[in-house]
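Numbering (UniProt numbering), first residue to last: 1 to 153.
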């Protein structure tokens with residue numbers, strides 16, 4: 001009932017006969033360059049047209065890109081001022097936050113006496129952040145900046 005393995009193997013080879021073959025799976029003779037790319041042999045003319053000229057820039061690509069960036073920033077001063085105005089607006093916002101923080105610090109001046117600096121140094125970042133949260137200050141930053149904000153208020 002079941003076809004023999006030799007007949008099924010021969011039956012499949014008729015479908016695979018026209019496919020390209022490469023590597024050790026296709027040939028019983030070892031290749032002269034195993035593991036490397038096959039050589040492409042072009043069947044048409046690949047010579048460039050006679051009137052074609054290729055000009056190359058001998059300048060280093062890094063220097064060229066830096067010069068292009070520099071010249072584009074000089075050319076687009078209108079864009080640069082718009083970006084710098086956005087940055088200034090961001091600074092104004094951060095200044096207003098600092099003023100609010102200063103107001104909170106001045107209104108809670110008694111808290112400065114409650115937490116001496118030696119006690120603050122021994123606290124973990126989580127506890128320092130909890131103290132800042134209770135004071136209504138920003139919780140972001142490294143331990144040194146969090147410690148400084150707790151100490152200043």
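Every residue gets a Cβ at the ideal spot worked out from N, C-alpha and C, and that includes glycine. Source: prediction; values computed, not measured.
Query: Where residue 125 sits in the DSSP three-state scheme; Result: helix
Query: C-alpha distance - residue 138 paired with residue 119, whole-angstrom precision; Result: 20 Å
Query: Status (buried if at least 16 other CB within 10 Å, exposed otherwise) for residue 132; Result: buried
Query: Residue 66 versus residue 54: straight-line alpha-carbon distance, rounded; Result: 24 Å
Query: For residue 59 and residue 142, the rounded distance between their alpha carbons; Result: 44 Å
Query: Option in 57, 12, 145 and 150 with minimal Cα separation from residue 136; Result: 150
Query: Rounded separation between residue 69 and residue 63 - CA only; Result: 10 Å
Query: Residue interval of the alpha helix (DSSP H) (run including residue 47); Result: Per DSSP, residue 47 belongs to no alpha helix (DSSP H) and is neither H nor E.
Query: Three-state class that DSSP yields for residue 138 in the structure shown; Result: coil
Query: DSSP-derived helix/strand/coil call for residue 133; Result: helix
Query: Residue 151, DSSP secondary structure in three states; Result: helix
Query: DSSP state of residue 11 mapped onto helix, strand, coil; Result: helix
Query: Backbone CA spacing between residue 147 and residue 128 [nearest angstrom]; Result: 7 Å
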